[in-house]
Amino acid sequence: MSDAFKLAWRYPDDHADLLIDCVARLNGVGRDQVLLGDGSGEILKLCAEAFTGPTSADRRGPAGRGTMVVADPTFEAILDHARVNGAEVVKVSLTSAFAHDLPKMAAAANEGLIYICNPNNPTASITPKNELRDLIAKAPRQTMTLVDEAYYHYADSPDYESVIPLIKDYPNLIVARTFSKIYGMAGLRCGYCIAQRETIERIRSYQAWDSVNIMALVAAMASLDDADQVANGRRLNSETKAFLTGQLDAMGYEQIPSQANFVMIDMKRPVVPLIKAFKERNVQVGRLFPALPNHMRLTIGKKLRALLNVLPSFGDLFPNIKRTSANHRSAEFRRRCRVTGINGVSLHSYRHAWAHRAKACGYPQRFAQEALGHSSRAVHEAYAKGAFVVCPALDEYEATAARKIVNMPRLLAR
Ligand SMILES: Cc1ncc(COP(=O)(O)O)c(C=O)c1O
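Note that numbering that gives the first Met the number 0 gives residue 78 to position 79 of the sequence shown, counting from 1, and the numbers run on in steps of one.
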């Protein structure tokens, strides 16, 4: 990439051609079946422009457009583009297994475009391959199906497949891919779509010339040339995901099984104040997805340790362990202690551990002092009430007049 700086004064056509060749080879399609985009976000926008708008019954715009049908929740960028285009947007809830409800989506389609995000953002769930094949086979020709495979590389379920091999049979099928995820190029902006030639030409007519810059093109080619890039990315992601989900399980947080590079966690209470509280502790988590107001999306990455340090402050870590001397030494108790980093403590030193965690989580010194100010007996009594919190959420803690640790479970349950 540093060599490519000296190319920056040139238009990027030649490099775009080279990348198109690589992408076509990689996916076993012709080069006229590939359209590059300024990120796959541009591809989504172009598809909304080309295929959504007022339906033929209420035709105010060009022919061949119609309703936009999406899952709820899903990656929402395309909805706004369709709305701007004057299209009706129909949202269809995910199934109880967090898959796209394809029969309902097909029934809601009216020409236009069905958008299927697989694996889905924000749920990291997949839509089973047989169901998707069925939808593609049955969709009327005047309804386009756009399958967004941004997270394709992370999915390892036997129930998952890319639908690129189906494109040869369906002129109304488009698949979007991106270099932003496994290739780590989100800031450089490069994505693409694959479809039959006529479909690509229809989409291209809405695109600005040379929309992908030369640095992104060079980086994308370098990524494809690196034989280890995808394998390493997948391995790192799955190892870290296994670690993260293990830790979350141990803390009692349920998650939607993830087939992507993020995890959707059920926080069991509104997530908006939590997002804010995490941000204040320098942990950036996903935004609110209104269809799942208690779920928090967490991207798997290097800052995981910071997150795991903060996470204990948001849950009741010792929910139902009764105070008996046997329980203090139970495997469950020790496991939870390990999760919170208070290895092997007895209840007598529990308040010290609490103070330590308060400090580690960046709470003001006075919180640690206050924790130490509680007598062992008070801690025992609180603990005996059945639930206890290692580090209470700061705002809630400050909001209590009494400022007693024992109040925390009640506050957290609100
Ligand atoms: C499902 C999905 N599609 C597309 C995009 C856009 O990606 P790009 O960076 O390629 O524009 C994202 C970004 O987060 C995404 O999650």
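The beta-carbon is built from N, C-alpha and C at its ideal position, and this holds for glycine as well.
Min CB distance residue i to chain D below 8 Å
i   : result
A96 : Looking at the structure shown, chain D is missing, and only one protein chain is on hand.
Bridge partners - residue i, DSSP secondary structure assignment
i    : result
G36  : G190
V262 : L297
I135 : I135 is not bridged to any residue.
E253 : D265
Residue of the options minimising C-alpha distance to residue i
i    : options                   : result
L187 : V211, I199, V282 and R286 : V211
Q258 : D158, L18, G63 and V69    : D158
I163 : S156, T122 and Q195       : Q195
I199 : G52, M143, N236 and D2    : M143
L291 : G40, R64 and L93          : L93
S179 : I193, Q206 and A219       : A219
R82  : C116, F242, T51 and D100  : T51
A70  : A49, V28, T122 and G27    : T122
K278 : N260, P289 and L297       : L297
D37  : F288, Q206 and L112       : Q206
A226 : L25, N260 and G65         : L25
L34  : R286, D209 and A241       : D209
I255 : A96, K90 and G85          : A96
D168 : I135, Q141, H152 and S156 : I135
V88  : S39, E75 and C116         : E75
A276 : F288, I166 and M295       : M295
A99  : A108, C116, Y150 and S161 : The residue asked about is misnamed: residue 99 is His in this sequence, not Ala. Minimum Cα distance to H99 is reached at C116.
E130 : A47, G251, D20 and P102   : P102
K240 : R201, Y150 and N260       : N260
With 16 other Cβ atoms within 10 Å as the buried cut-off, status of residue i
i    : result
R30  : exposed
P72  : buried
P11  : buried
M214 : buried
N231 : exposed
W8   : exposed
M0   : exposed
L18  : buried
E148 : buried
Y269 : First, the residue type needs correcting, since residue 269 is Pro and not Tyr in the sequence shown. When all chains shown are included, P269 counts as exposed.
L243 : buried
P139 : exposed
Q32  : buried
A15  : buried
R176 : buried
F4   : exposed
V146 : buried
D2   : exposed
N293 : exposed
K44  : buried
D13  : exposed
S156 : exposed
P118 : buried
A106 : exposed
S204 : exposed
N171 : buried
G183 : exposed
E253 : exposed
R286 : exposed
K137 : exposed
G40  : buried
R234 : exposed
G27  : exposed
E160 : buried
Ligand 1 heavy atom lying under 7 Å from the CB of residue i
i    : result
S179 : yes
N293 : no
D79  : no
S39  : yes
L43  : yes
N120 : yes
D71  : no
A207 : no
A154 : no
C192 : no
C116 : yes
A15  : no
A185 : yes
A478 : Here the chain covers residues 0 to 413 and nothing more, so residue 478 does not appear.
A149 : yes
Cβ-heavy atom distance, residue i to ligand 2, below 7 Å
i   : result
F74 : Within the structure as shown, ligand 2 is missing, the only ligands being ligand 1.
Counting only runs of 4+ residues fully inside the region 266-295, write out the alpha helix (DSSP H) ranges in chain order.
Qualifying alpha helix (DSSP H) stretches, in chain order: 271-279.
What are the complete beta strand (DSSP E) segments, minimum 3 residues, inside the region 45-122?
67-71, 88-92 and 112-116
Could you name each continuous alpha helix (DSSP H) segment of 4 residues or more that falls completely within the region 139-220, going from the start of the chain to the end?
196-203
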